[in-house]
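Novice:
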Amino acid sequence: MAFFSLSPSRPLTLLSATDLAAENERLRAEAGQLQRAVTSHALVDQAIGAVVVLGRIPPEEAWRVLRDVSQRTNVKLSTVAAYVMDFAQGAELPEDVRAELHSAIARYADCGGRRKRGQGGHGDRRPAPSVRRDCRAPADPSAGRA
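As structure tokens, then:
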């Protein structure tokens, strides 16, 4: 029985048993990577939801919070997401992640349209201020310091 490989660069290439085994191994590795990516994505989505509830911020800002915590603590995003989900279920956060999560939520708390008393919320007839804070995190935390 003959096996052929199809690819844009080499259509219908005959595969030897060794080539077929190597291709099979490559495809298994790729499938494993894709499975890990899907699992990681689901975990990050769940953590975004937890940060939305914990910080009372919109999902876009919660995503930025997780991204900032990951970058500022040098911890993979999926690991930060796992920490947040564990925290949501009663576990403790590592101190550096806890401190940065608190800071990041505070940074983004006013960005998503959440209004404080006197800023146009329910029961207050005054319009919300038209000036919005720049909610993007600085590229370099030390930027602007003398």
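In short: position in the sequence shown from 1, add 5, done, that's the working numbering.
Don't be surprised by glycine CBs; every beta carbon is placed ideally from N, CA and C.
(1) Look at P56 and V102 and say whether their C-beta atoms are less than 8 Å apart.
(2) Can you say whether L19 is buried or exposed, counting buried as having 16 or more other CB atoms within 10 angstroms of its CB?
(3) Does the separation of the CB atoms of V80 and L71 fall below 8 Å?
(4) For L19, name the three-state secondary structure that DSSP assigns.
(5) Taking just the CA atoms, how far does D115 sit from A34?
(6) Between T23 and the rest of its own chain, which residues show a CB-CB distance below 6 Å, the 5 nearest in sequence each way excluded?
(7) Where do the ends of the alpha helix (DSSP H) carrying L82 lie?
(8) Could you give the distance in angstroms between the alpha-carbon of K121 and the alpha-carbon of A109?
(9) From V43 to G95, what does the alpha carbon distance come to, in whole angstroms?
(10) Quick check: what's the CA-CA separation for H46 versus E97?
Specialist: Quick look at the numbers:
(1) As a first step, residue 56 must be located in the sequence shown, where it is residue number 51. As a first step, residue 102 must be located in the sequence shown, where it is residue number 97. Pro is not the amino acid found at residue 56; the sequence shown has Val there. No, these two residues do not count as a Cβ contact at 8 Å.
(2) As a first step, residue 19 is located in the sequence shown; it is residue number 14 there, counting from the start. With fewer than 16 Cβ atoms within 10 Å of its Cβ, L19 is classed as exposed.
(3) As a first step, residue 80 is located in the sequence shown; it is residue number 75 there, counting from the start. As a first step, residue 71 is located in the sequence shown; it is residue number 66 there, counting from the start. No; because the gap between Cβ atoms is not below 8 Å, this pair is not in contact.
(4) Here residue 19 refers to the residue found at position 14 when the sequence shown is read from its first residue. It is a strand residue.
(5) Walking along the sequence shown from the start, residue 34 turns up at place 29. Walking along the sequence shown from the start, residue 115 turns up at place 110. Near 43 Å, if we compare the C-alpha coordinates of D115 and A34.
(6) As a working note, residue 23 is residue 18 in the sequence shown. For T23, where only same-chain residues beyond five positions count, there are no Cβ hits under 6 Å.
(7) The residue labelled residue 82 in the question sits at position 77 within the sequence shown. It spans 82-93 - the alpha helix (DSSP H) in which L82 sits, taken as one unbroken run.
(8) For the purposes of this step, residue 121 is taken as residue 116 along the sequence shown, with counting starting at 1. For the purposes of this step, residue 109 is taken as residue 104 along the sequence shown, with counting starting at 1. With a pLDDT of 42 at K121, under the threshold of 50, the predicted position of this residue should be treated as unreliable, though the coordinate-derived value follows. Distance between the alpha carbons of K121 and A109 is about 18 Å.
(9) Along the sequence shown, read from residue 1 onward, the residue named residue 43 stands at position 38. Along the sequence shown, read from residue 1 onward, the residue named residue 95 stands at position 90. The alpha-carbon atoms of V43 and G95 are separated by roughly 25 Å.
(10) Counted from its first residue, the sequence shown places residue 46 at position 41. Counted from its first residue, the sequence shown places residue 97 at position 92. Straight-line Cα distance between these residues: approximately 22 Å.
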